[in-house]
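**Q** To start, I am sharing the structure in question, which I have written as structure tokens.
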Amino acid sequence: MLELYGTELSSRLLLGTAQYPSPAILADAVKASGTSVVTVSLRREMAGGRAGEQFWSLIRSLGARILPNTAGCLSVKEAVTTAKMAREVFGTNWIKLEVIGNHDTLQPDVFGLVEAARILCEDGFAVFPYTTDDLVVAERLLETGCKVLMPWCAPIGSALGPVNMTALRSMRGYFPGVPLIVDAGLGRPSHAATVMELGFDAVLLNTAVAKAAYPVGMARAFGKAVDAGREAFSSGMLEPREVAVPSTPMIGRAVFS
Amino acid sequence: MRVLVKGAGVAGLTVAFELAARGATVTVAEMRHGLGGNASWFAGGMLAPWSERESAEQPVLDLGRDAADWWDAVLSGQVTRAGTLVVAAPRDAGELDRFASRTSGHRRVDENEIALLEPDLAGRFRRGLLFPDEAHLDPRQAMAALHDKLATMGVKFHFGCDARPVSGFARQIDCMGMAAADDRLRGVRGEMLILRTPDVSLSRPVRLLHPRFPLYAVPRTDHRFMIGATMIESQSAGPVTARSMMELLGAAHALHPAFGEAEIVETGVGVRPAFPDNLPRVETDGEIIAINGLYRHGFLLAPAMARQAADLVFSQDRTKEHAHETDGQRRGA
């Protein structure tokens, strides 16, 4: 069972709630995926105080635990303010922390991220930092008090899948006891299965499901892929070999001829 | 039969027409002091069911397919049938493929055909999609024309009404959008701009695809263009935000640099009423029939909703007469 900040979760898939064709399809996708955590962004809906309340109540009614995020925040101050507002709106100290450093690539500003993580951890937040696969940044984030790390595997919404397997492998190797959630860049279920096979604890995705032709079917497919990848990791996969090995005995055959 | 229609947005006006055309005596009551200011007023006016299918469900196509014919038949001269052109910057070519795979009723167009269709876009886009059967209208002109037409048909309008209950009507049609008392409705904020520039001409709505900031530009008279529209989960009708304006202007500039020199004639914000499935509904509650949840498809779906509501009014009327007869026969027996 996956445990994040003391909470046990039945699913290793975390699902974003943006960009679906309708809230009804979002609700069906959440159900089909089996996810137990959904992320929700506050930033744009903040215009006009609590004007996004109707959408937020739809999110609350999904029955999943809510992980608010600071998507689109470009500065430490903005991210911290958004996190505090999220705590108030959703009554949770969980926050997925995003501090974006580049408008085009949506790459995290890791310097701002570490600073914002320190402020929020001191304030009692359970911080889920959206970071790169850089090991030193990861260490700094752990030092600020983060107990979970969320490295990207490719830029947000790019659907590229894991572009740097070596970096992901080494991250898993360096932080064996830290829950690691691959966040951003997954495009298809096989990508999710691939990172789960590496031993990552969970994946977080949004666009790949929300923008699929049939989000509900895609949500279900990702749910299965995450389960398959995890079970494969736990079951000990074969390492590739240079030599063919028959799966049926070759007794009686002149194999050495 | 006397029918009261509450709300003079596109839903109210279209159902008033359907009812009056079928012989009802119709009164339209509107809280605002004129036709402007509601979500319909800030609409794009695209009658584009095939391209909307990219993000909308099948009923939007099924219900919207005949919308251009309806508007054309009711208000001749208001509808322009020139299709929709969808383009993307070379970097976002994948978006075009995605859009094509999600929709039907289109054909691929290359650089040369884009230049023939929209000479001002010549050389700017290599590939696009043309949805030839789509159409557009100017929502404000169409609403004004429909208002005038209804007046000649004997429909009475009362502007500046309060929401007090009224009596003396056999039926009421609630077309109040976000003002309706329905807690299943949520508001989806849409921000739009009207730009004016004589340096660009377009013959049809053009959609510029972008992974983050998709945009449409709808040509209107007098060198004006409706640029829209954001989709924000908020019921705030406050002024357009700087960020939304930058995104809309940035996308417009990417469509054609001359938009950079355009005058910003107007900024507008409408709050679209939507049910959780983003599909419209016609529902009956006693003597009241409600049309709501037209979301971003007001002009596209209002005709079909108006027909459904009018069918309901007249079929209920027959059922009622029939019920009375049956009662009478029972009493007589």
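Sequences listed follow chains A and B, in order. Here our numbering is used: the first residue of the first sequence is 10, the next is one more, and so on. Here our numbering is used: the first residue of the second sequence is 1391, the next is one more, and so on. We treat Cβ as the ideally placed atom computed from N, Cα and C, and that holds for glycine. The structure displayed is predicted, hence computed values, not measured ones.
1. Is it true that the stretch 1532-1548 of chain B meets the stretch 1670-1685 of chain B, where meeting means three or more beta-carbon pairs spaced less than 8 angstroms apart?
2. Would you mind sorting isoleucine 1654(B) into buried or exposed? The rule is 16 or more other CB atoms within 10 Å of its CB.
3. Do leucine 213(A) and arginine 181(A) count as a contact pair if the criterion is CB distance below 7 angstroms?
4. Mind checking if glutamine 116(A) is an interface residue toward chain B, Cβ cutoff 7 angstroms exclusive?
5. Specify, as a first and last residue, the run of the beta strand (DSSP E) that leucine 18(A) falls within.
6. Any heavy atom of the ligand FAD closer than 6 angstroms to the beta-carbon of valine 204(A)?
7. So asparagine 111(A) is in the alpha helix (DSSP H); what residue range does that whole segment cover?
8. Looking at the structure shown, is isoleucine 165(A) part of a helix, part of a strand, or coil, going by DSSP?
9. Answer yes if the stretch 1396-1410 of chain B comes into contact with the stretch 1683-1699 of chain B, meaning at least three C-beta pairs across the two stretches below 8 angstroms, and no otherwise.
10. When you compare each of Arg1662(B), Leu1691(B), His1600(B) to alanine 1457(B) by their alpha carbons, which one comes out closest?
11. Does the beta-carbon distance from isoleucine 1584(B) to methionine 1635(B) come in below 7 angstroms?
12. Could you pull out every residue in the same chain whose Cβ sits closer than 6 angstroms to the Cβ of alanine 1414(B), ignoring the five residues on either side in sequence?
13. Against chain B, with Cβ distances strictly below 7 angstroms, would glycine 57(A) count as a contact?
14. Label glycine 1577(B) either buried or exposed according to how many other C-beta atoms from any shown protein chain fall within 10 Å of its C-beta, with 16 as the threshold for buried.
15. Strictly below 8 angstroms CB to CB, what residues from chain A border alanine 1446(B)?
16. Among Gly1426(B), Pro1588(B), Leu1409(B), whose alpha-carbon lies nearest the alpha-carbon of histidine 1646(B)?
17. According to the neighbour-count rule (16 or more other Cβ atoms, all chains shown, within 10 Å of its Cβ), is valine 136(A) buried or exposed?
18. Apply the 10 Å Cβ neighbour rule to aspartate 1528(B) and answer buried if 16 or more other Cβ atoms are within range, or exposed otherwise.
19. Chain B beta carbons: is any one of them nearer than 7 angstroms to that of alanine 33(A)?
20. In whole angstroms, give me the CA-to-CA distance for cysteine 1729(B) and glutamate 1420(B).
21. Let me see if you follow: with CB-CB separation under 7 angstroms, is arginine 1597(B) close to chain A or not?
22. At a Cβ threshold of 7 angstroms, is glycine 182(A) touching chain B?
23. Give a yes or no on contact between the stretch 1495-1508 of chain B and the stretch 1626-1633 of chain B, applying the rule of three or more CB pairs nearer than 8 angstroms.
24. To the nearest angstrom, report how far apart alanine 56(A) and arginine 1579(B) are at their CA atoms.
25. From glycine 1688(B) to alanine 1478(B), what does the alpha carbon distance come to, in whole angstroms?
26. DSSP three-state label for alanine 56(A), please.
27. Just list the alpha helix (DSSP H) runs in the stretch 1415-1481 of chain B, keeping only unbroken ones of 4 residues or longer that don't cross its boundaries, in chain order.
28. Quick check: what's the CA-CA separation for serine 70(A) versus leucine 1598(B)?
29. In its own chain, which residues sit with a C-beta less than 6 angstroms from the C-beta of alanine 1642(B), not counting the 5 before and 5 after it?
30. Which residues in chain B sit within 8 angstroms of leucine 76(A), going by Cβ to Cβ distance?
31. Taking 7 angstroms as the CB-CB cut-off, is glutamate 1623(B) touching chain A?
32. Output, in chain order, the set of chain B residues within a Cβ distance shorter than 8 angstroms of phenylalanine 64(A).
33. With a cut-off of 8 angstroms on the beta carbons, I'd call proline 1663(B) and glycine 1683(B) a contact; round off their distance for me.
34. Can you list the residues of chain A that proline 1666(B) reaches, using a CB-CB cut of under 8 angstroms?
35. Please check if any C-beta of chain B sits within less than 7 angstroms of the C-beta of alanine 92(A).
36. Check each candidate in Thr1417(B), Leu1592(B), Asp1564(B) and name the one with the smallest Cα separation from arginine 1614(B).
**A** With the given structure in hand:
1. The answer is no - the stretch 1670-1685 of chain B does not touch the stretch 1532-1548 of chain B, with fewer than three Cβ pairs under 8 angstroms.
2. exposed
3. no
4. no
5. Counting along the chain, the unbroken beta strand (DSSP E) around leucine 18(A) starts and ends at 16-18.
6. Absence of the ligand FAD from the depicted structure is noted, as is the absence of any ligand whatsoever, leaving it without description.
7. Premise fails: asparagine 111(A) is in no alpha helix (DSSP H) and is neither H nor E.
8. coil
9. yes
10. Leu1691(B)
11. no
12. Met1391, Val1393
13. Only weak support is given to the placement of glycine 57(A): the predicted model assigns it a pLDDT of 49, under 50, and the value that follows is read from those uncertain coordinates. Yes, glycine 57(A) counts as interfacial toward chain B.
14. It is buried - the Cβ of glycine 1577(B) has at least 16 other Cβ atoms within 10 Å.
15. Pro30
16. Pro1588(B)
17. The residue is buried, with at least 16 neighbouring Cβ atoms inside 10 Å.
18. buried
19. yes
20. There is no way to answer for residue 1729(B), as the model of chain B reaches only from 1391 to 1723.
21. no
22. no
23. Judged by Cβ distances under 8 angstroms, the stretch 1495-1508 of chain B makes no contact with the stretch 1626-1633 of chain B, as fewer than three pairs qualify.
24. At alanine 56(A), the pLDDT of 48 sits below 50, so the modelled position is not reliable and the matter cannot be decided from this model.
25. 26 angstroms
26. In this predicted model, alanine 56(A) has a pLDDT of only 48, less than 50, meaning its place in the structure is not dependable; the value taken from the coordinates is given anyway. Reduced to three states, the DSSP call for alanine 56(A) is coil.
27. 1439-1442, 1448-1454, 1457-1464
28. 35 angstroms
29. Taking C-beta separations shorter than 6 angstroms and ignoring five residues to either side along the sequence, the partners of alanine 1642(B) in its chain run Ile1617, Phe1649, following chain order.
30. What leucine 76(A) touches in chain B: nothing, since even the nearest Cβ is about 17 angstroms away.
31. yes
32. Near phenylalanine 64(A) (Cβ distances below 8 angstroms), the residues of chain B are Arg1576, Glu1623, Ser1624.
33. 6 angstroms
34. By Cβ distance, chain A contributes Ser31, Pro32, Ala33, Ala36, Leu67.
35. no
36. Leu1592(B)
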